[in-house]
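**Student:** One structure, as structure tokens, below. Some questions next.
2 protein chains.
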Amino acid sequence: MLRMPVKRRSPWPSPEQRAQTREAKRDAVLRTAARLFKERGFPAVSLDDVAARLNVTKPVIYRHFANKDQILFECVSVALEQILEAAAEAKEGPGKARARLLVMMKRYAVIMTEDSGMCVVRTGDHELSETSRKEFRKLKRKIDQLIRALIEEGIEDGSIAPCDVKMTGMAITGALNWVAKWYRPNGGQSAEEVADAMASVLEKLLVAHR
Amino acid sequence: MLRMPVKRRSPWPSPEQRAQTREAKRDAVLRTAARLFKERGFPAVSLDDVAARLNVTKPVIYRHFANKDQILFECVSVALEQILEAAAEAKEGPGKARARLLVMMKRYAVIMTEDSGMCVVRTGDHELSETSRKEFRKLKRKIDQLIRALIEEGIEDGSIAPCDVKMTGMAITGALNWVAKWYRPNGGQSAEEVADAMASVLEKLLVAHR
Numbered sequence: 001m002l003r004m005p006v007k008r009r010s011p012w013p014s015p016e017q018r019a020q021t022r023e024a025k026r027d028a029v030l031r032t033a034a035r036l037f038k039e040r041g042f043p044a045v046s047l048d049d050v051a052a053r054l055n056v057t058k059p060v061i062y063r064h065f066a067n068k069d070q071i072l073f074e075c076v077s078v079a080l081e082q083i084l085e086a087a088a089e090a091k092e093g094p095g096k097a098r099a100r101l102l103v104m105m106k107r108y109a110v111i112m113t114e115d116s117g118m119c120v121v122r123t124g125d126h127e128l129s130e131t132s133r134k135e136f137r138k139l140k141r142k143i144d145q146l147i148r149a150l151i152e153e154g155i156e157d158g159s160i161a162p163c164d165v166k167m168t169g170m171a172i173t174g175a176l177n178w179v180a181k182w183y184r185p186n187g188g189q190s191a192e193e194v195a196d197a198m199a200s201v202l203e204k205l206l207v208a209h210r
Numbered sequence: 211m212l213r214m215p216v217k218r219r220s221p222w223p224s225p226e227q228r229a230q231t232r233e234a235k236r237d238a239v240l241r242t243a244a245r246l247f248k249e250r251g252f253p254a255v256s257l258d259d260v261a262a263r264l265n266v267t268k269p270v271i272y273r274h275f276a277n278k279d280q281i282l283f284e285c286v287s288v289a290l291e292q293i294l295e296a297a298a299e300a301k302e303g304p305g306k307a308r309a310r311l312l313v314m315m316k317r318y319a320v321i322m323t324e325d326s327g328m329c330v331v332r333t334g335d336h337e338l339s340e341t342s343r344k345e346f347r348k349l350k351r352k353i354d355q356l357i358r359a360l361i362e363e364g365i366e367d368g369s370i371a372p373c374d375v376k377m378t379g380m381a382i383t384g385a386l387n388w389v390a391k392w393y394r395p396n397g398g399q400s401a402e403e404v405a406d407a408m409a410s411v412l413e414k415l416l417v418a419h420r
């Protein structure tokens, strides 16, 4: 009779393990594509390039994504969803609005130093399909609205000096988005250092001045 | 004997007139291309599209430009040269540095509402040839350096509060460049109104605060 140790694991993965592996593969495709889009620009990257970098063939990519447009859209969505989450948490959190906006700006800046953040800034509206473009714009609009709402809240709770709310919001998002254009990972400042420094500079837009 | 009025002009254009016409044609190609690049993105625009919009054929375009890359490069150069001029004038002008930087920021913002300014922001480094890319980066670096020099001058002449010069410069260029991404000519605010409002907001980065 074959004696088996009771706790020995099956050589076949469990449904949870399979789901995890699938998720990890999907993530790897997105991360690799984001890196390539950043390096060469979206039009110059083929799914064969993405597949080659991952040591697989194109059909493997198609098990996870319908096409290149979907991959680009998910790359930019990753970053926009993270920013939106940071903005939503800042909107709902405790304390004065200025302090919450400051935390949000730091998180936003860090996201902009990452590959997916860089994709957001480098992706032209024309590079997305009609549907993706609408979704992309909707996410960006939501972020803008949350930032404006935070500024208005700060003016009400006295932590932010009265200002041109729309223009101040645009200056903040512009400065933060631009980080993705100039930040170099080997440039001497870590992402966190840049984020802290940029947030401190931008806080001046919110305080009363002489 | 044929009597001619002394001042009658020749039906053949003078060398000056020919030079002017040539310049006007060249400008028209650049303006039309900038508009199309902005609308559809650089990769999607062909020289046939540019020619068609001008009611000519592609060979006419080639009388003025070697290729599409040269046209894109000249489109972005137009804007960058104007910004550089504004920055250089601000650097050399009379008065306190903060007031000069403020004037410069307004001019910069207006340029960013124009087609060529929008091309600068929407053009990825990878869309330019090696040579053009180097020139593009050199111009951008010069602008950054002039802005930083102005901020340093302002700190010395007392018109600008001590600050993180590099990060403040990056926040200013980021916010100004981003204008090209969100400004809509029919959005209710003129280019000058947006420029004034944005410069006023950004001036807060330069003043002492409580």
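Residue numbers (the working numbering), protein chains in the order written: chain U, 1 to 210; chain Y, 211 to 420.
Yeah, the Cβ is synthetic: ideal placement off N, Cα and C, and Gly gets one too.
Please state whether DSSP places His64 of chain U in a helix, a strand or coil.
**Tutor:** Reduced to three states, the DSSP call for His64 of chain U is coil.
**Student:** If you measure between the beta carbons of Trp388 of chain Y and Trp182 of chain U, is that distance less than 9 Å?
**Tutor:** Contact flag unset, no.
**Student:** Pull the bridge partners of His419 of chain Y from the DSSP assignment, please.
**Tutor:** The partner list for His419 of chain Y (beta bridge, DSSP) reads U:His209.
**Student:** Cβ closer than 7 Å: which chain U residues qualify as neighbours of Asn277 of chain Y?
**Tutor:** Simply none; closest approach about 17 Å.
**Student:** Please determine if the stretch 218 to 230 of chain Y and the stretch 192 to 208 of chain U are in contact, where contact requires at least 3 C-beta pairs separated by less than 8 Å.
**Tutor:** Judged by Cβ distances under 8 Å, the stretch 218 to 230 of chain Y makes no contact with the stretch 192 to 208 of chain U, as fewer than three pairs qualify.
**Student:** So with Cβ pairs under 9 Å, would you call Ser200 of chain U a contact of chain Y?
**Tutor:** So yes, Ser200 of chain U belongs to the interface.
**Student:** Which of helix, strand or coil does DSSP assign to Gly169 of chain U?
**Tutor:** DSSP places Gly169 of chain U in helix when its eight states are reduced to three.
**Student:** Once you ignore the five residues that flank Val313 of chain Y on each side, which residues in its own chain have a CB closer than 7 Å to its CB?
**Tutor:** Correct list, in chain order: Ala300.
**Student:** Could you tell me the alpha carbon to alpha carbon distance between Ala262 of chain Y and Val76 of chain U, rounded to whole angstroms?
**Tutor:** Cα to Cα, the separation comes out at about 34 Å.
**Student:** List the residues of chain Y whose Cβ lies closer than 7 Å to the Cβ of Glu130 of chain U, in chain order.
**Tutor:** Ordered by position in chain Y, no residue passes the 7 Å Cβ test against Glu130 of chain U, which lies about 14 Å from the chain.
**Student:** I'd like the ranges of any alpha helix (DSSP H) spanning at least 4 consecutive residues and lying wholly in the stretch 265 to 332 of chain Y.
**Tutor:** Within the stretch 265 to 332 of chain Y, the complete alpha helix (DSSP H) runs of at least 4 residues are 268 to 272, 278 to 302, 307 to 322 and 325 to 332.
**Student:** Using a C-beta to C-beta distance shorter than 7 Å, which residues of chain Y count as neighbours of His126 of chain U?
**Tutor:** Going along chain Y in sequence order, the residues near His126 of chain U (Cβ under 7 Å) are Arg250, Gly251 and Ala254.
**Student:** Output yes if chain Y places a C-beta closer than 9 Å to the C-beta of His64 of chain U; else output no.
**Tutor:** With 9 Å as the cut-off, His64 of chain U does not count as an interface residue toward chain Y.
**Student:** Ordered along the chain, which non-local residues of its own chain (more than five positions away) have a Cβ less than 7 Å from that of Ala297 of chain Y?
**Tutor:** Contacts found: Met314, Ile353, Leu356 and Ile357.
**Student:** Using DSSP with H/G/I as helix, E/B as strand and the rest coil, what is Asp144 of chain U?
**Tutor:** In this structure, Asp144 of chain U counts as helix in the three-state DSSP scheme.
**Student:** Would you say Ala307 of chain Y and Ile370 of chain Y are within 9 Å of each other, going by their C-beta atoms?
**Tutor:** Yes.
**Student:** Please compile the residues from chain Y whose C-beta is within a distance smaller than 7 Å of the C-beta of Lys204 of chain U.
**Tutor:** Lys414, Leu415 and His419, listed in chain order.
**Student:** Nearest-angstrom Cα distance between Thr242 of chain Y and Val194 of chain U?
**Tutor:** Their backbone Cα atoms lie some 39 Å apart in a straight line.
**Student:** Less than 8 Å between C-beta atoms, sequence neighbours within five positions excluded: which residues of the same chain meet that for Leu246 of chain Y?
**Tutor:** Closer than 8 Å at Cβ, skipping near neighbours: Val255, Asp259, Val260 and Arg263.
**Student:** Answer with yes or no whether the minimum CB distance from Val103 of chain U to chain Y is below 9 Å.
**Tutor:** For Val103 of chain U, the answer is no, since every Cβ of chain Y falls outside 9 Å of its Cβ.
**Student:** Does any residue of chain C have a CB that is nearer than 9 Å to the CB of Lys391 of chain Y?
**Tutor:** Given the protein chain composition of this structure (U and Y), no chain C is represented.
**Student:** List the residues of chain Y that Gln115 of chain U touches, going by C-beta distances under 8 Å, in chain order.
**Tutor:** As written in the sequence, residue 115 of chain U is Asp, which differs from the Gln given in the question. Chain Y residues near Asp115 of chain U: none, gap ~15 Å exceeds 8 Å.
**Student:** Just to confirm my understanding: we take Thr378 of chain Y, look at its own chain, exclude 5 residues before and 5 after, and list those with CB closer than 8 Å. What are they?
**Tutor:** Once the five neighbours on either side are set aside, the close Cβ partners of Thr378 of chain Y are Ile361, Leu415 and Leu416.
**Student:** What did DSSP end up calling Val45 of chain U once you bin it into helix, strand or coil?
**Tutor:** The answer is coil: DSSP assigns Val45 of chain U none of H, G, I, E or B.
**Student:** Compare the Cα-Cα distances from Arg332 of chain Y to each of Y:Lys344, Y:Lys248 and Y:Glu291 and report the closest residue.
**Tutor:** Closest option to Arg332 of chain Y, Cα to Cα, is Y:Lys248.
**Student:** Does the beta carbon of Val320 of chain Y come closer than 9 Å to any beta carbon on chain U?
**Tutor:** It does not: the Cβ of Val320 of chain Y has no partner Cβ on chain U nearer than 9 Å.
**Student:** Could you tell me how far apart the beta carbons of Asp125 of chain U and Ala34 of chain U are, in whole angstroms, since I believe they sit closer than 8 Å?
**Tutor:** In fact, because the Cβ distance is near 18 Å, the residues do not count as touching under 8 Å.
**Student:** Considering only the alpha carbon of each residue, which of U:Ala199, U:Phe136 and U:Ser129 lies closest to Asn67 of chain U?
**Tutor:** Nearest of U:Ala199, U:Phe136 and U:Ser129 to Asn67 of chain U, Cα basis: U:Ser129.
**Student:** Output the distance between the C-alpha atoms of Thr57 of chain U and Pro11 of chain U, rounded to the nearest integer angstrom.
**Tutor:** Cα to Cα, the separation comes out at about 26 Å.
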